[in-house]
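S.K.: At position 33 of the sequence shown the residue is numbered 40 (my numbering), and the sequence of numbers has no breaks. Even for Gly, the Cβ is constructed at its ideal location relative to N, Cα and C.
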Amino acid sequence: MVRRWSLIVFCYFLLSGCSAAGVQRNRSVDNLPPPVGESVYVIPFLAVMVPSAIETGILDRLVDTLNRDAQLTGRELIILKRTPAEIDAAWLASHYYIGGELFGFVRDSGCCSTEMRLKARLAYYQPGKTQPTLTLAVKREAFFDHDSSTLAGEEERLINDVVTAFTDELLLFLTPSEKNPAVE
């Protein structure tokens, strides 16, 4: 009997370790979402050695998904299609905005399979704050056999996985609720 429970517990930990990594979040004490009706700007993510298709796919899909759910949050997201260096720092510091980083991308292909890894971080800034008041970080991996999937299909899956992780957390943060009166 004990052996069976030990096996069940072992399998649980083994399977939970194999699942996709969760979202690591860091919130400051004075972290408040923007008032309802306030726009949130999204600056292009800093991407270090990440394919441009993945970089633009994550940014565009993140904003599209959050704007699709704008009725829930009462906030519109606007992409600033300029590099952070081209945006006036004083103007940006006076607005709510989201920035991020994409890094640690590795694509390891063999004759029959490919493995991809990506790390991503998203930061939410409030007006007048120099440090982010909400930071989300994810690590994602994809492994596939060339007979069962394509590189383009798995890149899309990787993009969707990162975007889903970020949007789920941001929607919880931005959506007014009875449990989160600071949002309203």
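In angstroms, rounded to a whole number, what distance separates the CA positions of Thr157 and Lys146?
M.R.: So the two alpha carbons sit approximately 21 Å from each other.
S.K.: So, with DSSP's three-state summary, where would you put Phe52?
M.R.: The answer is coil: DSSP assigns Phe52 none of H, G, I, E or B.
S.K.: Could you give the distance in angstroms between the alpha-carbon of Phe151 and the alpha-carbon of Cys118?
M.R.: Each residue's alpha carbon lies about 12 Å from the other.
S.K.: Using 8 Å as the Cβ pair cut-off and three pairs as the minimum, do the segment 94–107 and the segment 37–57 touch?
M.R.: Output reads yes: the segment 37–57 touches the segment 94–107.
S.K.: Is the distance from the Cβ of Val47 to the Cβ of Leu84 below 8 Å?
M.R.: Yes, the pair counts as a contact, with Cβ atoms nearer than the cut-off.
S.K.: Helix, strand or coil: how does DSSP classify Arg124 here?
M.R.: Reduced to three states, the DSSP call for Arg124 is strand.
S.K.: First and last residue of the beta strand (DSSP E) that includes Asp152?
M.R.: First-last of the beta strand (DSSP E) with Asp152: 141–152.
S.K.: Taking the C-alpha atoms as reference points, what is the distance between Ser155 and Ile61?
M.R.: Spanning the two alpha carbons is a distance of roughly 21 Å.
S.K.: For Glu162 and Arg114, what's the separation of their Cα atoms in angstroms?
M.R.: Whole-angstrom Cα-Cα distance: 10 Å.
S.K.: By how many angstroms is the C-alpha of Arg124 removed from the C-alpha of Asn74?
M.R.: Cα to Cα, the separation comes out at about 27 Å.
S.K.: In chain order, what residues of the same chain have a beta carbon less than 7 Å from the beta carbon of Arg68, not counting five sequence neighbours either side?
M.R.: Once the five neighbours on either side are set aside, the close Cβ partners of Arg68 are Ile166, Val170.
S.K.: Indicate the three-state DSSP secondary structure (helix, strand or coil) for Leu39 in the structure shown.
M.R.: Three-state DSSP puts Leu39 in coil, outside helix and strand.
S.K.: Could you check which residue in Val49, Val43, His102, Gln138 has the C-alpha nearest to that of Gln78?
M.R.: Of the candidates Val49, Val43, His102, Gln138, the one whose C-alpha sits nearest the C-alpha of Gln78 is Val43.
S.K.: Once the 5 residues before and after Gln133 are set aside, which same chain residues still bring their CB inside 7 Å of it?
M.R.: Cβ neighbours of Gln133 beyond the five flanking positions: Leu39, Tyr103, Thr140.
S.K.: Can you give the Cα-Cα distance for Glu45 and Leu179, rounded to whole angstroms?
M.R.: Cα-Cα distance, rounded: 17 Å.
S.K.: With distances taken Cα to Cα, identify the nearest neighbour of Ala172 among Thr142, Ile86, Ala159.
M.R.: Checking every option, the nearest Cα to that of Ala172 belongs to Thr142.
S.K.: For the alpha helix (DSSP H) that contains Val170, what are its first and last residues?
M.R.: 158–181 is the span of the alpha helix (DSSP H), which, as asked, contains Val170.
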